[in-house]
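Below you'll find the structure, written out as C-alpha coordinates, and then a few comments.
In the UniProt record's numbering, the protein residues as written are 1 to 477.
Here's what the structure looks like:
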(Lines of atoms letter the chains of each structure in order from A and count residues from 1; the text may use other names and numbers.)
(Lines give C-alpha, C1' and ligand atoms only; values in the text may rest on other atoms or scores of the structure.)
Protein backbone atom coordinates (compact mmCIF):
# COMPACT_ATOMS: atom_id res chain seq x y z
CA UNK A 1 0.00 0.00 0.00
CA UNK A 2 2.77 2.44 0.98
CA UNK A 3 4.85 1.69 -2.11
CA UNK A 4 1.93 2.51 -4.41
CA UNK A 5 1.86 6.00 -2.92
CA UNK A 6 5.50 6.60 -3.87
CA UNK A 7 5.08 6.97 -7.62
CA UNK A 8 7.14 10.18 -7.58
CA UNK A 9 10.04 11.40 -5.49
CA UNK A 10 8.03 14.44 -4.38
CA UNK A 11 5.63 12.25 -2.39
CA UNK A 12 8.31 10.96 -0.01
CA UNK A 13 8.42 14.01 2.35
CA UNK A 14 4.62 14.16 2.71
CA UNK A 15 4.39 10.44 3.45
CA UNK A 16 7.23 10.51 5.98
CA UNK A 17 5.67 13.50 7.70
CA UNK A 18 2.42 11.58 8.16
CA UNK A 19 4.15 8.44 9.45
CA UNK A 20 4.56 8.83 13.18
CA UNK A 21 7.32 7.32 15.31
CA UNK A 22 5.15 4.24 15.94
CA UNK A 23 5.39 3.11 12.32
CA UNK A 24 4.99 -0.69 12.20
CA UNK A 25 8.16 -2.67 11.50
CA UNK A 26 6.71 -4.22 8.33
CA UNK A 27 5.78 -0.80 6.92
CA UNK A 28 9.18 0.63 7.84
CA UNK A 29 11.11 -2.18 6.13
CA UNK A 30 8.84 -1.82 3.09
CA UNK A 31 9.68 1.88 2.84
CA UNK A 32 13.36 1.27 3.49
CA UNK A 33 13.66 -1.43 0.85
CA UNK A 34 12.05 0.80 -1.73
CA UNK A 35 14.34 3.71 -0.74
CA UNK A 36 17.44 1.54 -1.17
CA UNK A 37 16.46 -0.04 -4.50
CA UNK A 38 15.28 3.27 -5.97
CA UNK A 39 18.45 5.12 -4.91
CA UNK A 40 16.53 7.59 -2.76
CA UNK A 41 18.35 6.54 0.43
CA UNK A 42 21.78 7.16 -1.05
CA UNK A 43 21.07 10.47 -2.77
CA UNK A 44 18.15 12.23 -1.05
CA UNK A 45 19.49 13.60 2.25
CA UNK A 46 16.07 14.67 3.54
CA UNK A 47 14.43 11.27 3.02
CA UNK A 48 17.49 9.38 4.28
CA UNK A 49 17.59 11.41 7.50
CA UNK A 50 13.92 10.68 8.15
CA UNK A 51 14.42 6.96 7.54
CA UNK A 52 17.47 6.99 9.79
CA UNK A 53 15.37 8.47 12.58
CA UNK A 54 12.74 5.77 12.10
CA UNK A 55 15.47 3.10 12.20
CA UNK A 56 16.73 3.95 15.70
CA UNK A 57 14.19 1.75 17.57
CA UNK A 58 15.48 -1.20 15.51
CA UNK A 59 18.95 -1.03 17.07
CA UNK A 60 21.96 1.26 16.87
CA UNK A 61 24.00 -1.25 14.89
CA UNK A 62 21.30 -1.29 12.24
CA UNK A 63 21.13 2.50 12.18
CA UNK A 64 24.92 2.79 11.91
CA UNK A 65 24.92 0.42 8.93
CA UNK A 66 22.12 2.43 7.34
CA UNK A 67 24.02 5.68 7.89
CA UNK A 68 27.04 4.26 6.06
CA UNK A 69 24.86 3.80 2.94
CA UNK A 70 23.98 7.50 2.74
CA UNK A 71 26.26 9.14 0.20
CA UNK A 72 25.30 12.71 1.07
CA UNK A 73 24.12 12.86 4.71
CA UNK A 74 22.79 16.10 6.13
CA UNK A 75 23.26 17.47 9.60
CA UNK A 76 19.90 16.01 10.69
CA UNK A 77 21.10 12.47 10.02
CA UNK A 78 24.33 13.13 11.92
CA UNK A 79 22.49 14.59 14.89
CA UNK A 80 20.04 11.68 15.11
CA UNK A 81 22.84 9.16 15.40
CA UNK A 82 24.99 11.41 17.61
CA UNK A 83 22.10 11.65 20.04
CA UNK A 84 21.42 7.92 20.06
CA UNK A 85 25.05 7.01 20.75
CA UNK A 86 25.50 9.78 23.35
CA UNK A 87 22.77 8.12 25.45
CA UNK A 88 23.94 4.56 24.77
CA UNK A 89 26.49 2.35 26.52
CA UNK A 90 29.00 3.26 23.81
CA UNK A 91 29.41 7.06 23.94
CA UNK A 92 32.86 6.73 22.34
CA UNK A 93 31.07 5.94 19.08
CA UNK A 94 29.84 9.55 18.96
CA UNK A 95 33.38 10.89 18.71
CA UNK A 96 34.50 8.12 16.35
CA UNK A 97 31.60 8.87 14.04
CA UNK A 98 32.20 12.61 14.33
CA UNK A 99 35.87 12.20 13.33
CA UNK A 100 34.82 9.98 10.41
CA UNK A 101 32.29 12.54 9.17
CA UNK A 102 34.79 15.40 9.39
CA UNK A 103 37.26 13.41 7.25
CA UNK A 104 34.76 11.99 4.76
CA UNK A 105 32.49 15.03 4.42
CA UNK A 106 34.62 18.13 5.22
CA UNK A 107 31.84 20.42 3.99
CA UNK A 108 29.38 18.98 6.54
CA UNK A 109 29.80 21.04 9.69
CA UNK A 110 28.19 20.43 13.08
CA UNK A 111 25.44 22.83 14.12
CA UNK A 112 24.15 24.05 17.44
CA UNK A 113 22.22 20.80 17.96
CA UNK A 114 25.26 18.62 17.22
CA UNK A 115 27.51 20.06 19.91
CA UNK A 116 25.38 19.13 22.97
CA UNK A 117 25.59 15.44 21.99
CA UNK A 118 29.32 15.70 21.32
CA UNK A 119 29.84 17.43 24.67
CA UNK A 120 27.73 14.79 26.41
CA UNK A 121 29.98 12.06 25.01
CA UNK A 122 33.08 13.98 26.17
CA UNK A 123 31.58 14.27 29.65
CA UNK A 124 30.71 10.59 29.90
CA UNK A 125 34.17 9.61 28.67
CA UNK A 126 35.91 12.17 30.92
CA UNK A 127 37.58 13.89 27.95
CA UNK A 128 37.62 17.60 28.85
CA UNK A 129 40.45 18.31 26.37
CA UNK A 130 38.34 16.98 23.49
CA UNK A 131 35.44 19.05 24.81
CA UNK A 132 37.59 22.18 24.82
CA UNK A 133 38.71 21.40 21.28
CA UNK A 134 35.06 21.28 20.24
CA UNK A 135 34.45 24.48 22.16
CA UNK A 136 37.09 26.21 20.03
CA UNK A 137 35.28 24.99 16.93
CA UNK A 138 32.06 26.64 18.16
CA UNK A 139 33.96 29.93 18.22
CA UNK A 140 35.10 29.45 14.62
CA UNK A 141 31.54 28.61 13.51
CA UNK A 142 30.01 31.50 15.46
CA UNK A 143 27.97 29.16 17.68
CA UNK A 144 29.71 29.91 20.98
CA UNK A 145 26.87 32.10 22.27
CA UNK A 146 24.13 29.62 21.37
CA UNK A 147 22.10 28.44 24.38
CA UNK A 148 22.05 24.80 23.24
CA UNK A 149 25.82 24.77 22.85
CA UNK A 150 26.38 26.39 26.21
CA UNK A 151 24.02 23.95 27.94
CA UNK A 152 26.13 21.13 26.55
CA UNK A 153 29.27 22.82 27.82
CA UNK A 154 27.79 23.11 31.33
CA UNK A 155 27.00 19.39 31.37
CA UNK A 156 30.42 18.42 30.01
CA UNK A 157 32.39 20.55 32.46
CA UNK A 158 30.25 19.32 35.37
CA UNK A 159 30.69 15.67 34.39
CA UNK A 160 34.46 16.18 34.16
CA UNK A 161 34.60 17.84 37.59
CA UNK A 162 35.48 21.30 36.24
CA UNK A 163 32.86 23.04 38.33
CA UNK A 164 34.34 26.52 38.09
CA UNK A 165 34.22 26.41 34.28
CA UNK A 166 30.69 24.95 34.44
CA UNK A 167 29.55 27.79 36.69
CA UNK A 168 30.93 30.47 34.35
CA UNK A 169 29.08 29.02 31.37
CA UNK A 170 25.91 28.45 33.44
CA UNK A 171 25.84 32.12 34.46
CA UNK A 172 26.17 33.12 30.81
CA UNK A 173 23.32 30.78 29.79
CA UNK A 174 21.04 32.32 32.42
CA UNK A 175 21.83 35.81 31.16
CA UNK A 176 21.09 34.80 27.57
CA UNK A 177 17.73 33.28 28.47
CA UNK A 178 16.76 36.47 30.25
CA UNK A 179 17.81 38.51 27.24
CA UNK A 180 15.78 36.37 24.84
CA UNK A 181 12.70 36.54 27.03
CA UNK A 182 12.87 40.31 27.37
CA UNK A 183 13.58 40.65 23.67
CA UNK A 184 10.40 38.79 22.85
CA UNK A 185 8.23 40.27 25.53
CA UNK A 186 9.12 43.94 25.73
CA UNK A 187 5.40 43.90 26.04
CA UNK A 188 2.06 45.20 24.91
CA UNK A 189 2.79 47.60 22.02
CA UNK A 190 -0.84 48.74 21.82
CA UNK A 191 -0.91 49.73 25.48
CA UNK A 192 2.38 51.62 25.15
CA UNK A 193 0.92 53.41 22.11
CA UNK A 194 -2.10 54.36 24.19
CA UNK A 195 0.17 55.80 26.89
CA UNK A 196 2.25 57.87 24.47
CA UNK A 197 -0.73 58.99 22.37
CA UNK A 198 -2.57 60.54 25.31
CA UNK A 199 -5.91 60.34 23.52
CA UNK A 200 -7.25 57.65 25.84
CA UNK A 201 -7.06 57.66 29.62
CA UNK A 202 -7.01 54.09 30.97
CA UNK A 203 -9.11 53.33 34.02
CA UNK A 204 -7.97 51.60 37.20
CA UNK A 205 -8.93 48.12 35.99
CA UNK A 206 -6.85 48.58 32.82
CA UNK A 207 -3.87 49.79 34.84
CA UNK A 208 -4.03 46.83 37.22
CA UNK A 209 -4.22 44.43 34.26
CA UNK A 210 -1.29 46.15 32.56
CA UNK A 211 0.79 46.03 35.74
CA UNK A 212 0.03 42.32 36.10
CA UNK A 213 1.19 41.74 32.52
CA UNK A 214 4.33 43.83 33.09
CA UNK A 215 5.11 41.73 36.15
CA UNK A 216 4.67 38.48 34.22
CA UNK A 217 6.87 39.77 31.37
CA UNK A 218 9.47 41.29 33.68
CA UNK A 219 9.10 44.57 31.76
CA UNK A 220 10.38 47.13 34.25
CA UNK A 221 10.36 49.98 31.70
CA UNK A 222 6.68 49.57 30.91
CA UNK A 223 5.89 49.11 34.60
CA UNK A 224 7.58 52.42 35.43
CA UNK A 225 5.56 54.18 32.69
CA UNK A 226 2.35 52.88 34.24
CA UNK A 227 3.51 53.93 37.70
CA UNK A 228 4.18 57.42 36.34
CA UNK A 229 0.69 57.51 34.83
CA UNK A 230 -0.81 56.51 38.18
CA UNK A 231 0.97 59.37 39.93
CA UNK A 232 0.40 61.94 37.16
CA UNK A 233 -3.30 61.19 36.71
CA UNK A 234 -4.15 61.53 40.36
CA UNK A 235 -5.23 57.94 40.97
CA UNK A 236 -5.42 57.11 44.66
CA UNK A 237 -2.79 54.57 45.68
CA UNK A 238 -5.29 52.10 47.11
CA UNK A 239 -4.67 48.44 47.93
CA UNK A 240 -5.46 47.30 44.37
CA UNK A 241 -3.04 49.60 42.53
CA UNK A 242 -0.56 49.46 45.40
CA UNK A 243 -0.45 45.65 45.50
CA UNK A 244 -0.10 45.49 41.70
CA UNK A 245 2.79 47.95 41.74
CA UNK A 246 4.48 46.03 44.57
CA UNK A 247 4.11 42.77 42.66
CA UNK A 248 5.46 44.32 39.44
CA UNK A 249 8.57 45.77 41.08
CA UNK A 250 9.16 42.58 43.07
CA UNK A 251 8.99 40.37 39.96
CA UNK A 252 11.33 42.76 38.15
CA UNK A 253 13.82 42.39 41.01
CA UNK A 254 13.39 45.95 42.32
CA UNK A 255 12.64 45.25 45.96
CA UNK A 256 13.70 48.75 47.09
CA UNK A 257 11.09 50.30 44.75
CA UNK A 258 8.52 47.73 45.86
CA UNK A 259 9.16 48.67 49.50
CA UNK A 260 8.78 52.40 48.74
CA UNK A 261 5.35 51.74 47.20
CA UNK A 262 4.41 49.48 50.12
CA UNK A 263 5.30 52.17 52.66
CA UNK A 264 3.17 54.76 50.81
CA UNK A 265 -0.02 52.67 50.64
CA UNK A 266 -2.15 54.30 53.36
CA UNK A 267 -4.51 51.43 54.15
CA UNK A 268 -2.70 48.15 53.64
CA UNK A 269 -4.65 44.90 53.76
CA UNK A 270 -3.50 41.29 53.84
CA UNK A 271 -3.03 41.29 50.04
CA UNK A 272 -0.56 44.21 50.20
CA UNK A 273 1.42 42.52 52.96
CA UNK A 274 1.40 39.21 51.13
CA UNK A 275 2.67 40.78 47.88
CA UNK A 276 5.59 42.33 49.72
CA UNK A 277 6.45 39.19 51.70
CA UNK A 278 6.23 37.01 48.58
CA UNK A 279 8.54 39.46 46.77
CA UNK A 280 11.14 39.23 49.49
CA UNK A 281 10.91 35.44 49.45
CA UNK A 282 11.25 35.19 45.67
CA UNK A 283 14.29 37.49 45.75
CA UNK A 284 15.87 35.28 48.47
CA UNK A 285 15.61 38.08 51.06
CA UNK A 286 14.37 35.61 53.65
CA UNK A 287 15.37 37.70 56.67
CA UNK A 288 13.38 40.70 55.39
CA UNK A 289 10.42 38.43 54.64
CA UNK A 290 10.38 37.06 58.21
CA UNK A 291 10.75 40.51 59.76
CA UNK A 292 7.89 41.91 57.66
CA UNK A 293 5.70 38.93 58.51
CA UNK A 294 6.30 39.58 62.21
CA UNK A 295 5.46 43.27 61.71
CA UNK A 296 2.28 42.26 59.92
CA UNK A 297 1.18 40.09 62.85
CA UNK A 298 1.16 43.18 65.11
CA UNK A 299 -1.76 44.78 63.28
CA UNK A 300 -3.07 42.49 60.54
CA UNK A 301 -4.48 39.02 60.98
CA UNK A 302 -3.33 36.59 58.31
CA UNK A 303 -5.69 33.67 57.92
CA UNK A 304 -4.41 30.16 57.35
CA UNK A 305 -5.59 30.08 53.75
CA UNK A 306 -3.57 33.19 52.84
CA UNK A 307 -0.39 31.93 54.51
CA UNK A 308 -0.78 28.56 52.80
CA UNK A 309 -1.24 30.34 49.48
CA UNK A 310 1.99 32.30 49.95
CA UNK A 311 3.94 29.17 50.92
CA UNK A 312 2.52 27.30 47.96
CA UNK A 313 3.41 30.13 45.56
CA UNK A 314 6.96 30.24 46.85
CA UNK A 315 7.31 26.48 46.55
CA UNK A 316 5.87 26.60 43.03
CA UNK A 317 8.39 29.21 41.92
CA UNK A 318 11.23 27.17 43.35
CA UNK A 319 10.10 24.06 41.43
CA UNK A 320 9.87 26.00 38.16
CA UNK A 321 13.41 27.24 38.75
CA UNK A 322 14.61 23.69 39.46
CA UNK A 323 13.07 22.40 36.21
CA UNK A 324 14.88 25.16 34.34
CA UNK A 325 18.18 24.51 36.14
CA UNK A 326 18.20 20.72 35.67
CA UNK A 327 17.28 21.15 31.98
CA UNK A 328 20.17 23.55 31.44
CA UNK A 329 22.51 21.12 33.18
CA UNK A 330 21.41 18.27 30.90
CA UNK A 331 19.65 16.25 33.63
CA UNK A 332 16.33 16.17 31.81
CA UNK A 333 15.02 13.11 33.65
CA UNK A 334 15.39 14.90 37.00
CA UNK A 335 13.57 17.91 35.53
CA UNK A 336 10.76 15.61 34.36
CA UNK A 337 10.58 14.02 37.81
CA UNK A 338 9.98 17.42 39.40
CA UNK A 339 7.48 18.37 36.68
CA UNK A 340 5.39 15.22 37.13
CA UNK A 341 5.47 15.65 40.91
CA UNK A 342 3.79 19.07 40.76
CA UNK A 343 0.09 19.11 41.56
CA UNK A 344 -0.54 22.34 39.63
CA UNK A 345 1.34 23.73 36.63
CA UNK A 346 1.22 27.23 35.15
CA UNK A 347 2.41 28.42 31.74
CA UNK A 348 5.94 28.91 33.08
CA UNK A 349 6.06 25.30 34.30
CA UNK A 350 4.93 23.88 30.96
CA UNK A 351 7.18 26.23 28.99
CA UNK A 352 10.24 25.43 31.09
CA UNK A 353 9.66 21.70 30.63
CA UNK A 354 8.92 21.70 26.89
CA UNK A 355 11.82 24.08 26.22
CA UNK A 356 14.07 21.91 28.39
CA UNK A 357 13.21 18.83 26.34
CA UNK A 358 13.88 20.73 23.11
CA UNK A 359 17.24 22.05 24.26
CA UNK A 360 18.26 18.50 25.22
CA UNK A 361 17.47 17.21 21.74
CA UNK A 362 14.21 15.39 22.53
CA UNK A 363 12.02 17.18 20.00
CA UNK A 364 9.35 14.46 19.93
CA UNK A 365 8.68 14.63 23.67
CA UNK A 366 8.89 18.43 23.57
CA UNK A 367 6.05 18.55 21.03
CA UNK A 368 4.09 15.93 23.00
CA UNK A 369 4.49 18.15 26.06
CA UNK A 370 3.14 21.11 24.09
CA UNK A 371 0.12 19.03 22.99
CA UNK A 372 -0.59 18.20 26.64
CA UNK A 373 -0.26 21.88 27.46
CA UNK A 374 -2.80 22.72 24.73
CA UNK A 375 -5.22 20.21 26.25
CA UNK A 376 -4.95 21.93 29.65
CA UNK A 377 -7.86 24.35 29.90
CA UNK A 378 -6.30 26.57 32.58
CA UNK A 379 -3.01 27.31 30.79
CA UNK A 380 -2.52 29.70 27.88
CA UNK A 381 0.64 29.59 25.77
CA UNK A 382 2.84 32.66 25.42
CA UNK A 383 5.55 33.82 23.01
CA UNK A 384 8.34 32.02 24.86
CA UNK A 385 6.36 28.77 24.71
CA UNK A 386 6.27 28.95 20.93
CA UNK A 387 9.99 29.65 20.75
CA UNK A 388 10.58 26.26 22.38
CA UNK A 389 8.03 24.56 20.11
CA UNK A 390 9.50 25.99 16.90
CA UNK A 391 12.98 25.12 18.09
CA UNK A 392 11.86 21.53 18.66
CA UNK A 393 10.42 21.40 15.13
CA UNK A 394 13.69 22.72 13.73
CA UNK A 395 15.70 20.15 15.65
CA UNK A 396 13.47 17.27 14.59
CA UNK A 397 13.09 18.36 10.97
CA UNK A 398 9.30 18.72 11.29
CA UNK A 399 8.75 21.31 8.56
CA UNK A 400 4.97 20.97 8.20
CA UNK A 401 4.44 20.94 11.96
CA UNK A 402 6.65 24.01 12.32
CA UNK A 403 4.54 25.99 9.86
CA UNK A 404 1.34 24.74 11.49
CA UNK A 405 2.47 25.97 14.91
CA UNK A 406 3.80 29.24 13.48
CA UNK A 407 0.44 29.88 11.83
CA UNK A 408 -1.42 28.92 15.02
CA UNK A 409 0.44 31.63 16.95
CA UNK A 410 -1.46 34.44 15.28
CA UNK A 411 -4.63 32.70 14.09
CA UNK A 412 -5.49 30.69 17.21
CA UNK A 413 -3.55 32.20 20.11
CA UNK A 414 -3.56 35.80 18.83
CA UNK A 415 0.17 36.17 19.49
CA UNK A 416 2.26 38.37 17.21
CA UNK A 417 5.40 36.52 16.03
CA UNK A 418 8.59 38.41 16.83
CA UNK A 419 11.94 38.39 15.03
CA UNK A 420 13.04 35.36 17.10
CA UNK A 421 10.10 33.30 15.85
CA UNK A 422 10.85 34.21 12.23
CA UNK A 423 14.45 33.23 12.90
CA UNK A 424 13.33 29.78 14.04
CA UNK A 425 11.37 29.32 10.82
CA UNK A 426 14.33 30.30 8.64
CA UNK A 427 16.48 27.88 10.64
CA UNK A 428 13.87 25.14 10.17
CA UNK A 429 13.78 25.61 6.38
CA UNK A 430 17.55 25.90 6.13
CA UNK A 431 18.19 22.67 8.02
CA UNK A 432 15.73 20.83 5.76
CA UNK A 433 17.68 22.05 2.68
CA UNK A 434 14.69 24.13 1.58
CA UNK A 435 16.94 27.10 0.87
CA UNK A 436 14.86 28.77 -1.84
CA UNK A 437 11.81 28.52 0.41
CA UNK A 438 13.84 30.07 3.24
CA UNK A 439 14.87 32.97 1.02
CA UNK A 440 11.27 33.53 -0.09
CA UNK A 441 10.13 33.37 3.54
CA UNK A 442 12.64 36.06 4.51
CA UNK A 443 11.52 38.32 1.66
CA UNK A 444 7.88 37.93 2.74
CA UNK A 445 8.54 38.79 6.40
CA UNK A 446 6.45 41.73 7.63
CA UNK A 447 9.38 42.91 9.77
CA UNK A 448 12.91 43.69 8.67
CA UNK A 449 15.15 40.58 8.96
CA UNK A 450 18.12 41.05 11.27
CA UNK A 451 21.70 39.85 10.90
CA UNK A 452 20.97 36.64 12.83
CA UNK A 453 18.37 35.55 10.26
CA UNK A 454 20.70 36.18 7.31
CA UNK A 455 23.50 34.33 9.09
CA UNK A 456 21.19 31.37 9.64
CA UNK A 457 20.53 31.26 5.90
CA UNK A 458 24.27 31.58 5.16
CA UNK A 459 25.04 28.67 7.49
CA UNK A 460 22.51 26.49 5.66
CA UNK A 461 23.92 27.55 2.28
CA UNK A 462 27.40 26.60 3.44
CA UNK A 463 26.16 23.24 4.70
CA UNK A 464 24.43 22.35 1.43
CA UNK A 465 26.86 24.09 -0.94
CA UNK A 466 24.48 26.70 -2.40
CA UNK A 467 27.08 29.34 -3.33
CA UNK A 468 24.74 31.53 -5.37
CA UNK A 469 22.29 32.10 -2.53
CA UNK A 470 25.18 32.40 -0.08
CA UNK A 471 26.61 35.31 -2.09
CA UNK A 472 23.21 37.02 -2.02
CA UNK A 473 22.92 36.50 1.75
CA UNK A 474 26.45 37.78 2.36
CA UNK A 475 25.47 41.17 0.93
CA UNK A 476 22.69 41.40 3.54
CA UNK A 477 24.90 40.76 6.58
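Even glycine gets a Cβ: it sits at the ideal position worked out from N, Cα and C.
- When only Cα atoms are considered, residue 332 and residue 397 end up about 21 Å apart.
- Across the structure, residue 153 and residue 166 are spaced so that their CA atoms are roughly 7 Å apart.
- Here residue 112 is buried. Its C-beta has 16 or more other C-beta atoms within 10 Å.
- In the DSSP annotation of this structure, the continuous segment of the alpha helix (DSSP H) that includes residue 128 starts and ends at 128-141.
- A residue is called buried when at least 16 other Cβ atoms come within 10 angstroms of its Cβ; residue 416 does not meet this threshold and is exposed.
- When C-alpha distances from residue 141 are compared across 476, 465, 458, 470, the shortest belongs to 458.
- A residue is called buried once 16 or more other Cβ atoms fall within 10 Å of its Cβ, and residue 98 is buried on that count.
- Ranked by Cα distance from residue 373, the first of 46, 216, 352 is 352.
- For residue 50, the uninterrupted alpha helix (DSSP H) segment begins and ends at 45-55.
- Relative to residue 401, the option among 370, 383, 419, 384 whose CA is nearest is 370.
- Here residue 460 is buried, its C-beta having at least 16 other C-beta atoms within 10 Å.
- Excluding the 5 residues flanking it on each side, residue 220 has same chain C-beta neighbours closer than 7 Å at 252, 254, in chain order.
- Put simply, the backbone Cα of residue 32 is about 25 Å away from that of residue 392.
- Residue range 451-464 is occupied by the alpha helix (DSSP H) that includes residue 460.
- Secondary structure within the UniProt repeat "PPR" (238-272): the alpha helix (DSSP H) runs of 4 or more consecutive residues, fully enclosed, are 239-251, 255-264 (chain order).
- Cβ atoms of residue 81 and residue 63 come within 8 Å of each other, at about 6 Å.
- Here the C-alpha atom of residue 451 lies approximately 30 Å from the C-alpha atom of residue 44.
- Note on residue 330: 16 or more other CB atoms within 10 angstroms of its CB, so buried under the neighbour-count rule.
- Linking residue 438 to residue 474 through their CA atoms gives a straight-line distance of about 15 Å.
- Buried is the label assigned to residue 73, since at least 16 other Cβ atoms lie within 10 Å of its Cβ.
- When 157, 261, 213, 425 are compared, the shortest CA-CA separation from residue 231 is found for 261.
- The criterion of a C-beta distance shorter than 9 Å is satisfied by residue 319 and residue 349.
- For residue 233, the secondary structure class from DSSP, reduced to helix, strand or coil, is coil.
- Remark: fewer than three beta-carbon pairs, one from each stretch, lie closer than 8 Å, so the region 404-413 and the region 430-445 are not flagged as touching.
- One thing to note: residue 95 has its Cβ within 9 Å of the Cβ of residue 121.
- Rounded to the nearest angstrom, the gap between the Cα atoms of residue 161 and residue 75 is 30 Å.
- Here residue 393 carries a helix assignment [DSSP, helix/strand/coil].
- Runs of alpha helix (DSSP H) with 4 or more residues, each lying fully within the region 371-443, are found at 383-396, 399-411, 419-431, 435-443, listed in chain order.
- Its Cα nearest to that of residue 476, the residue 455 stands out among 455, 419, 223, 241.
- Here residue 130 has 122 as same chain residues with Cβ atoms under 6 Å from its own Cβ, once five neighbours each way along the sequence are excluded.
- Residue environment for residue 59: exposed (fewer than 16 other C-beta atoms within 10 angstroms of its C-beta).
- Within the same chain, 422, 423, 426, 442 come within 7 Å of residue 453 by CB-CB distance, once the 5 residues on both sides are set aside.
- By the neighbour-count definition (other C-beta atoms within 10 Å, threshold 16), residue 164 is an exposed residue.
- Rounded to whole angstroms, residue 90 and residue 124 show a C-alpha spacing of 10 Å.
- Around the Cβ of residue 106, a 10 Å sphere holds fewer than 16 other Cβ atoms; the residue is exposed.
- Positions of the beta strand (DSSP E) runs, each at least 3 residues long and wholly inside the region 53-106, cannot be given because no such run exists.
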